[in-house]
Structure formats: structure tokens, C-alpha cells
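Sequential numbering from 126 applies to the sequence shown in our numbering.
Backbone N, C-alpha and C fix where the C-beta goes; we use that ideal spot for every residue, glycine too.
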Amino acid sequence: MGLFQLSTAGPLTIPPFSSDTLAVAFESDRAVMATDTLVIASDDPVQPRHVLPLTVEASAFFITADNDDPVSYFEYGVWFNSSVEASGASSRYISLSGHLGAWAQFMATPPRSGTYAISIILPKTENATNHALYKILARGQTLDSLYIDQNAGSGGWVELGRYDLMAGRPVLVQVIHAGGQTAGAVLRADAVRFILQGESTGLARTESGVLPGEVRLLPNYPNPFNASTTICYSLPAAAGVHLEIYDLQGRRVRTLSREIRMAGEHTVTWDGCDEAGRVVASGLYFYKLSGEDFSLSRRMFLVR
Numbered sequence: 126m127g128l129f130q131l132s133t134a135g136p137l138t139i140p141p142f143s144s145d146t147l148a149v150a151f152e153s154d155r156a157v158m159a160t161d162t163l164v165i166a167s168d169d170p171v172q173p174r175h176v177l178p179l180t181v182e183a184s185a186f187f188i189t190a191d192n193d194d195p196v197s198y199f200e201y202g203v204w205f206n207s208s209v210e211a212s213g214a215s216s217r218y219i220s221l222s223g224h225l226g227a228w229a230q231f232m233a234t235p236p237r238s239g240t241y242a243i244s245i246i247l248p249k250t251e252n253a254t255n256h257a258l259y260k261i262l263a264r265g266q267t268l269d270s271l272y273i274d275q276n277a278g279s280g281g282w283v284e285l286g287r288y289d290l291m292a293g294r295p296v297l298v299q300v301i302h303a304g305g306q307t308a309g310a311v312l313r314a315d316a317v318r319f320i321l322q323g324e325s326t327g328l329a330r331t332e333s334g335v336l337p338g339e340v341r342l343l344p345n346y347p348n349p350f351n352a353s354t355t356i357c358y359s360l361p362a363a364a365g366v367h368l369e370i371y372d373l374q375g376r377r378v379r380t381l382s383r384e385i386r387m388a389g390e391h392t393v394t395w396d397g398c399d400e401a402g403r404v405v406a407s408g409l410y411f412y413k414l415s416g417e418d419f420s421l422s423r424r425m426f427l428v429r
């Protein structure tokens with residue numbers, strides 16, 4: 126079930142009219158509610174015995190991406206800050222009028238491989254859209270997309286679904302104003318939580334569990350981006366590869382990789398800097414993957 130532990134072994138000597146602090150820790154290998162009793166015996170002539178009940182709830186491992194964290198949150202469109210929140214110090218909203226295509230994006234990188242329940246939380250609301258498009262993306266591909274009524278269950282966590290995620294690979298959750306038949310006045314964003322349901326040490330390195338039959342260059346994520354972006358590609362066999370960044374005029378901005386890589390999936394991060402370490406300007410850029418018998422490219426947009 127679990128184990129309660131005291132930070133300090135007794136007995137303790139506490140001078141008159143003073144105090145001491147005991148830290149009680151609880152460890153468990155699963156989510157559980159546990160109770161115990163802490164008994165304090167002393168030479169106090171008035172009350173020599175104190176009995177303190179202990180109750181603890183151990184939850185499953187989780188990580189939270191919040192709009193207050195600039196590392197894990199990015200948005201596109203004219204969003205506004207709201208003091209009404211369900212997680213963190215604030216939340217964000219955007220008017221549905223005239224902002225078709227606006228989106229907010231949450232990013233997290235699971236430290237463990239396994240099945241995660243992905244949930245959203247929004248402030249208690251009645252004027253939000255009933256047709257918010259949510260997309261879950263990993264490894265440059267869309268794992269799922271679904272429409273959510275943001276008013277239903279607002280104020281509490283609402284599960285979007287459960288997905289197999291790989292350790293060290295960023296996962297994106299986007300909420301998008303996609304139009305359609307919608308009621309409400311605003312689109313809201315507050316926080317996303319990734320709750321580990323079951324750990325795995327052997328998730329496949331490729332989407333299908335086998336090596337790809339051809340060289341693949343996947344869409345970078347996030348895109349657009351304002352700090353850094355991740356580029357993924359896969360090889361059917363070991364090969365010498367060049368991964369390079371070019372600007373709109375065709376000038377090479379940065380060489381990210383120039384080496385022999387083994388078969389399988391590979392991930393490279395671009396920090397938005399050129400070869401000299403200088404931050405490049407906003408705009409459209411291209412990333413190109415090339416080798417002896419292949420050349421693939423995609424475009425990405427940097428927003429400062």
C-alpha cells in the first residue's frame with residue numbers, strides 16, 4: 126500500500142517553551158488513499174501522550190502544462206488574460222468573432238514512456254464555445270482530434286483521451302477556433318494535464334513498431350514557433366545525412382546535423398539561431414534533409 130516515514134529518528138529533546146518540526150513522507154507504487162497514526166510520547170506531566178491521525182492521498186504520476194508557463198504555452202491570435210482561472214494564476218480567452226483559425230498550444234515532454242490520460246481544465250464558464258477543436262500531436266503527427274463543449278464540466282478536469290507516449294518526445298495539445306456551427310462568445314485555454322496510467326519500457330521507436338520502408342521527414346512542432354522547434358525524421362537503414370535550415374532567399378542559415386545516423390527515428394531541435402549563435406528574424410524558413418540518394422524539405426514559420 127505504501128510507507129510512512131519520519132525525517133528524524135527519536136527520541137528528541139525539546140527544551141521548555143520551544144518546538145521542533147517533524148517531516149512525514151509517504152511513498153507508494155500506485156495511486157492510493159492511506160491512513161495511519163502518529164503517536165508522540167513525552168515526559169510532559171500534564172499530557173504525556175499525543176495521538177495524531179495521518180491521512181494522505183497518493184496520485185498517479187502527472188505533468189501539467191499551464192498557460193502561465195511561457196515554455197509550455199504558445200498562442201496564435203489576439204488572446205486576452207483573464208483573472209478567472211481553474212489552474213495557475215490566470216487563464217486565456219479569445220473572442221470567436223473575427224478570429225477564425227486562432228489557436229493555443231500546450232506542450233509537455235513525458236519523462237517516462239507509457240499510456241497517459243490527457244485532460245484539460247477551464248474556468249467555470251457558460252459563454253465559451255461548444256465546438257472547440259482539440260488536436261493531440263506527437264512525433265510530428267496527429268494522434269487524435271475531437272470537438273469539445275468547453276462549458277460542459279468546466280471548473281474541473283475533462284479527459285480528452287488516452288494515448289501511448291514516448292519518454293523524451295514532446296507532445297502538443299492544441300485548442301483551435303475552427304468555426305462551424307458554434308454557440309458561445311469565446312474560446313478558452315487554461316491548462317492540460319498528462320496523467321500516467323501505465324508505464325512501458327518498450328514502446329516502439331517508430332509509429333508502426335517496425336523500421337520505415339523509406340526516408341521520412343515529418344512536420345516540425347510546434348509550427349509556428351517562437352523559441353525552439355523539434356524536427357523528426359526516420360531512416361530505413363543507416364545513412365549519412367545532412368539536416369540544414371535555409372531562409373526564404375535560399376541562403377543556408379544553420380547546419381543541424383552532418384553525420385551518419387542509424388536506422389529508425391531521429392529528433393533534432395533548432396533554437397532559432399544561425400551558425401554564429403545569433404537569433405534570426407521572424408519569417409518563413411525551410412529545413413532540408415538530404416543524403417546520397419534522397420532530398421526532402423519542409424517549411425516552418427518563426428514568430429518572435
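Can you give me the C-alpha to C-alpha distance between L342 and G416, rounded to a whole angstrom?
Between L342 and G416, the C-alpha separation is close to 12 Å.
Taking the C-alpha atoms as reference points, what is the distance between D194 and S167?
C-alpha separation (whole angstroms): 47 Å.
If we ignore side chains and look at the alpha-carbon of each, how far apart do A190 and S197 end up?
About 6 Å.
For W228, which three-state DSSP category applies?
Residue state, collapsed to three classes: strand.
CB-CB under 6 Å to H175, same chain, minus the five flanking residues each way: which ones, in chain order?
Hits under 6 Å: I165.
Can you tell me whether L137 is buried or exposed? The criterion is at least 16 other CB atoms within 10 Å of its CB, across all chains shown.
Exposed, because fewer than 16 other Cβ atoms sit within 10 Å of the Cβ of L137.
Between the region 214 to 230 and the region 273 to 280, can you find at least three pairs of beta-carbon atoms closer than 8 Å?
No contact exists between the region 273 to 280 and the region 214 to 230.
Find the nearest neighbour of A308 within the set T160, G265, N252 and L414, judged by alpha-carbon distance.
Cα-wise, what sits closest to A308 is N252.
Where DSSP assigns a beta bridge to W395, which residues make up the other side?
W395 is bridged to T354.
The beta strand (DSSP E) spanning V283 covers which residue range?
Start and end: W282 to L290.
Compare the C-alpha of G135 against each of L147, F142, D418 and L373 and name the closest.
It is L147.
Specify the secondary structure class of N252 as computed by DSSP and reduced to three states.
Of the three classes helix, strand and coil, the one that applies to N252 here is coil, per DSSP.
Excluding the 5 residues preceding and the 5 following G293 in the sequence, name in chain order all residues of the same chain whose CB lies nearer than 7 Å to its CB.
Taken in chain order, the residues that qualify are T234.
Using 10 angstroms around the beta-carbon of I139, count the other beta-carbons present and answer buried if the total reaches 16, otherwise exposed.
That one is exposed.
Based on the DSSP output, what are the partners of Q299 in its beta bridges?
Q299 pairs with Q230 and K260.
Would you tell me roughly how many angstroms separate the C-alpha atoms of I188 and Y241, rounded to the nearest one?
If you take the alpha carbons of I188 and Y241, they lie about 10 Å apart.
Please report how far the alpha carbon of P349 lies from the alpha carbon of G304, in whole angstroms.
When rounded, the distance between both Cα atoms is 20 Å.
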